[in-house]
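Protein chains in written order, with the working numbering: chain A, 1457 to 1793; chain B, 1457 to 1793; chain C, 1457 to 1793. For glycine and all other residues, C-beta sits at the position ideal for the given N, C-alpha and C. Just so we're clear, the structure is a prediction, and the values are computed from it rather than from any experiment.
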Amino acid sequence: MAVTLAELARRFQGKVRGDSGIAVERVATLDAAGPRDIAYVSDRKYAALLSGTAAGAVILTEADARQYNGTALIVDDPHLCFARVATLLHPPRAFNPGVHVTAVVDPTASVAKTAWIGPHAVIGHRAVIGDDVFIGAGCVVGDGATIGARTRLMARVTIDDHCVIGENCLFHSGAVIGSDGFGYARDGERWHKIPQLGRVVIGHNVEVGANTTIDRGAMGDTVIGDGVKLDNLIQIAHNVRVGENTAIAACAGIAGSTVIGKRCTVGGQAGISGHLIIADDVHITAASLVTNSIAEAGHYSASLKAEPAEKWRRNAARLHHLDEMARRLAKIEQKLK
Amino acid sequence: MAVTLAELARRFQGKVRGDSGIAVERVATLDAAGPRDIAYVSDRKYAALLSGTAAGAVILTEADARQYNGTALIVDDPHLCFARVATLLHPPRAFNPGVHVTAVVDPTASVAKTAWIGPHAVIGHRAVIGDDVFIGAGCVVGDGATIGARTRLMARVTIDDHCVIGENCLFHSGAVIGSDGFGYARDGERWHKIPQLGRVVIGHNVEVGANTTIDRGAMGDTVIGDGVKLDNLIQIAHNVRVGENTAIAACAGIAGSTVIGKRCTVGGQAGISGHLIIADDVHITAASLVTNSIAEAGHYSASLKAEPAEKWRRNAARLHHLDEMARRLAKIEQKLK
Amino acid sequence: MAVTLAELARRFQGKVRGDSGIAVERVATLDAAGPRDIAYVSDRKYAALLSGTAAGAVILTEADARQYNGTALIVDDPHLCFARVATLLHPPRAFNPGVHVTAVVDPTASVAKTAWIGPHAVIGHRAVIGDDVFIGAGCVVGDGATIGARTRLMARVTIDDHCVIGENCLFHSGAVIGSDGFGYARDGERWHKIPQLGRVVIGHNVEVGANTTIDRGAMGDTVIGDGVKLDNLIQIAHNVRVGENTAIAACAGIAGSTVIGKRCTVGGQAGISGHLIIADDVHITAASLVTNSIAEAGHYSASLKAEPAEKWRRNAARLHHLDEMARRLAKIEQKLK
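Dropping the structure here:
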């Protein structure tokens, strides 16, 4: 698809400096872009690359445009504008509706005529597959599960029995939605399983990364709000609730029954303990462990930074005696008083 | 299924206070429960919810029952009793035995007449599928693998060649049992693979979470004891041995050849280095790294707790100079002597 | 296969002490080995087991051979020699080429006559499957993807559209190559997806562990160099570049656009932040977080070691006041001057 800069400016509230009749077909990086491509600069440190670009146009702020002589689409937020332009120029691949001959669809399932059920997919008893849904190869949609309109499941996704998925969602390969929560009672020696009777209920416009797992609720549901973005290899435990538009980076883990607010970000490999309440607009840095509820918006951290191992070892060794050091310090202060 | 309180009391060594003829059909939370539901209280802080519940009955300790006027099933351990009641009322879904027409079962495989092989499952050469086994959609059971009676594999589980799975186990979607261990020798530049010739041998009553991976032994086997519970996204490396009734939470990783004792618990995102020996009844807190063998039962930790990032950064920065601080402290002590 | 010690010595630059006509068929550990097995000792601490072994031969250094009376294959690096001997004696399982009747191969795909496409595998539009490639059960190879000669995909691997895989690679079950990177722009409230338009390009002799995920580039590619070894449950984000012969242990995560050098090792559960450059020959210890670029070869760490929880809690509590402690220390020094 080719779109003129005039059209892009109209759609995304920008203005064109230069020839607004230029049409672009693809997005590209500054260094790789050619005359039919549109690039962007949102960070000053990349502005140096501007002079050398062969891009047909560049998305820029007013300020950065002053450093550039070429054709520009000027907007307040180039990064956001770029996302929208890229989505317009590179929409998800179109597909023909239908059911692949190797798919196994239960006769009681309801599959929209505009949906696609891919090869070797399995659709369970009374499952509901909405309009324009794409079910990739090897996916398994359990009994009574519901998949909202325009949602896409890439290859080998599991949506377990009775889970509810909203519209416009995207699930990457290997994601597992609705596995049992990790719930047991102990008799002193052995663990006795507590049947996990709830569901996973996922809102609209949610993206779930490859091999991420979301457990069903024990009683009641695990709930993922509208607009939530989950990266790869994340664990969401039973009865967690993730608020709208929260984003969680790869390898993070959220323990059971924790409630996360809206618009939060959780860094990669971060962990949040169970039964906590995290306020809206909380940001957790990578690899930090949150063990207490957080009532106020803001940034929270417990991460350490790698340094040369020899130096680190000396510092870390002292950490294991820090309580003693603190006592010695207090004693000196006492003496000096 | 409806079961009377009298029957529950008989089965689970409790006593009924109130009408023992009341029948319950489901478990529920205190706030969601209706007259055909049974709820429980094991933690004092939930006792406040008791007065408002519409539950047909509540499982309680003798002490907590004093705060409640309704029908009660009184036991020593309400949480454990609840697990048992829930399992009785909500057994795993029954299935009809057979082999789905799309499954690919090697003619040399032995499949019990009471087992179910789901759609698109693949059963290898001389594999053995025991009585009442459930093999879900898209599972792959390798050559010579053995699956014990009543074990259930949810969708898309891999049990690789020659692995041995006990009875009454449950594997969640995406679990991989028997992938190669990570074993190489280096020639200074390149890595040379060491063929991984062992198996994974899993005992009875083991549960394995979604997308968890257990590598086969290099030589000899990786061994998971009876009653072990593994959450989602856990890595168990080659030749690890996990003792009976140990439970490991999500995203934990156990490195090669480590031996973990019985009845241990490993917190989420915790790591245990390779070639260690961990005693029975050891408990590792979430996100802690264990780098030395542990000879004594007890709780072990190295986890830090997230605090406001601004404050944390100041403290963490000092940590990188802690050795120097310790030396300065010692110098002052010397001076004051 | 049985191979004489003379033949092994010739192939792997060793010398035989004892009967070089002895033939061995398998590798084994010292304690499990019998007369048709070959074992090895590379670590002095295992040398004590030598006297009791029934192995037909043992691979040893010259020095260790002095402590052993039996038949020995003497080499400079017994561990490396063992890897080579094991690979010779235990090659990957041979397979008959062909396409399983349940596989779904797009008519435009190019599949070498010597390749195997397993049951329920799906091969996309214009995909290219090279000579002697093994595609396991339930794998999905996307449109336009290329799989180089002799590469093996175990069960249920996803290679997404247009990804390029080199020769002699090995992918374990559940690995996902080419899922979308985690790229969004925010409008203050909601996240807007940035289409992920690049590929994953993987070199030769790469091994990828079970359930590991490698995201496609946003623009441009994610690149994994020749000889890279990735363990299980690793996350490699979009546009990362991993240099030749680097090895990464399980549960590690590499954030977007980071460039890792050659011959590096990254420990289990370690994390590397985005947009960093890590030099060649850098070694990161387990569970460490790298937040800055590393320009010099060497070992780097930020990992803490679990200790008894009671003791740890006291030390960790002090860490949250370390900045204040440092100020008090400075004040005392001032006073004493």
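How far does the beta strand (DSSP E) with residue i in it extend, from its first residue to its last?
i                  : result
threonine 1678(A)  : 1678-1680
isoleucine 1740(B) : 1738-1740
leucine 1516(B)    : 1513-1516
arginine 1783(B)   : Where arginine 1783(B) is concerned, there is no enclosing beta strand (DSSP E), although the alpha helix (DSSP H) it sits in stretches over 1778-1792.
alanine 1495(B)    : 1493-1496
arginine 1473(A)   : 1471-1473
Can you find a CB in chain B that lies within less than 9 angstroms of the CB of residue i?
i                  : result
tryptophan 1768(C) : yes
leucine 1516(C)    : no
tyrosine 1496(A)   : no
serine 1713(A)     : no
histidine 1739(A)  : yes
What distance in whole Å lies between the Cβ atoms of residue j and residue i, which are believed to be in contact at a cut-off of 8 angstroms?
i                  : j                 : result
histidine 1694(C)  : arginine 1672(C)  : 6 angstroms
isoleucine 1704(A) : valine 1722(A)    : 4 angstroms
valine 1459(A)     : alanine 1479(A)   : 6 angstroms
valine 1596(C)     : threonine 1614(C) : 5 angstroms
alanine 1605(B)    : valine 1589(B)    : 7 angstroms
When the Cα of residue i is compared with those of the options, which residue comes out closest?
i                     : options                                           : result
glycine 1644(B)       : Asn1701(C), Val1557(C) and Pro1563(C)             : Asn1701(C)
arginine 1582(C)      : Gly1665(C), Ala1571(C), Ala1565(C) and Ala1706(C) : Ala1565(C)
alanine 1488(B)       : Gly1512(B), Thr1602(B) and Met1457(B)             : Gly1512(B)
aspartate 1677(B)     : Ala1726(B), Cys1619(B), His1648(B) and Thr1517(B) : Cys1619(B)
phenylalanine 1638(B) : Arg1697(C), Gly1622(C), Val1684(C) and Pro1534(C) : Val1684(C)
isoleucine 1750(A)    : Ala1542(B), Ile1690(B), Ser1635(B) and Pro1764(B) : Pro1764(B)
threonine 1669(C)     : Ala1772(A), Val1596(A), Ile1728(A) and Ile1690(A) : Ile1690(A)
isoleucine 1680(A)    : Gly1634(A), Ala1495(A), Phe1551(A) and Asp1475(A) : Gly1634(A)
aspartate 1687(C)     : Gly1630(C), Leu1505(C) and Gly1600(C)             : Gly1630(C)
valine 1656(B)        : Trp1647(B), Asp1475(B), Glu1663(B) and Asp1636(B) : Asp1636(B)
leucine 1760(A)       : His1777(B), Thr1747(B), Asn1748(B) and His1755(B) : His1777(B)
Identify the contact partners of residue i in chain C, using a Cβ-Cβ distance below 8 angstroms as the criterion.
i                  : result
tryptophan 1647(B) : Gly1683, Lys1685, Asn1701 and Ala1703
Listing by chain order, which chain B residues have their CB less than 7 angstroms from the CB of residue i?
i                 : result
glutamate 1763(A) : His1776
alanine 1743(C)   : Gly1727 and Leu1745
Give a yes or no on whether 9 angstroms exceeds the smallest Cβ distance from residue i to chain A.
i                 : result
glutamine 1725(C) : yes
alanine 1693(C)   : yes
alanine 1511(B)   : no
Taking Cβ positions only, does residue i come closer than 9 angstroms to chain C?
i                     : result
valine 1483(A)        : yes
threonine 1747(B)     : yes
methionine 1781(A)    : yes
proline 1547(A)       : yes
asparagine 1667(B)    : yes
glycine 1508(B)       : no
valine 1567(B)        : no
phenylalanine 1794(B) : Look at the range of chain B in this structure, 1457 to 1793, and you will see that residue 1794(B) is not part of it.
alanine 1706(B)       : no
valine 1656(B)        : no
leucine 1689(A)       : yes
Quick one: which chain A residues come within Cβ less than 8 angstroms of residue i?
i                  : result
isoleucine 1788(B) : Ile1788
glycine 1594(C)    : His1576, Gly1594 and Arg1612
histidine 1755(C)  : Pro1764, Ala1765 and Glu1766
For residue i, go through chain B and note every residue whose CB falls closer than 9 angstroms to its CB, in chain order.
i                 : result
leucine 1792(C)   : Ile1788, Lys1791 and Leu1792
threonine 1558(C) : Thr1558, Val1560, His1576 and Val1578
Closer than 8 angstroms: is that where the CB of residue i sits relative to any heavy atom of the ligand ADP?
i               : result
alanine 1565(C) : With respect to the ligand ADP, the structure offers nothing, as it holds no ligand at all.
Note down, in chain order, every chain C residue with its Cβ under 9 angstroms from the Cβ of residue i.
i                  : result
isoleucine 1650(B) : Val1483, His1535, Phe1538, Ala1539, Ala1542 and Thr1543
alanine 1488(A)    : Met1675 and Gly1676
List the endpoints of the continuous alpha helix (DSSP H) containing residue i.
i                 : result
threonine 1543(C) : 1534-1545
leucine 1529(B)   : Unbroken run through leucine 1529(B) is the beta strand (DSSP E), 1528-1530; no alpha helix (DSSP H).
lysine 1767(A)    : 1765-1775
alanine 1642(B)   : Note that residue 1642(B) is arginine in the sequence shown here, rather than alanine. Where arginine 1642(B) is concerned, there is no enclosing alpha helix (DSSP H), although the beta strand (DSSP E) it sits in stretches over 1640-1642.
glutamate 1623(B) : Per DSSP, glutamate 1623(B) belongs to no alpha helix (DSSP H) and is neither H nor E.
arginine 1655(C)  : Taken as a continuous stretch (DSSP letters only), arginine 1655(C) belongs to no alpha helix (DSSP H), as it is neither H nor E.
List, in order along the chain, the chain C residues whose C-beta lies closer than 7 angstroms to that of residue i?
i                : result
serine 1476(A)   : Neighbours of serine 1476(A) on chain C: none; closest Cβ ~23 angstroms, over 7 angstroms.
arginine 1784(B) : Leu1785 and Glu1789
serine 1759(A)   : Leu1745
Using a C-beta to C-beta distance shorter than 8 angstroms, which residues of chain B count as neighbours of residue i?
i                : result
arginine 1719(C) : Glu1645
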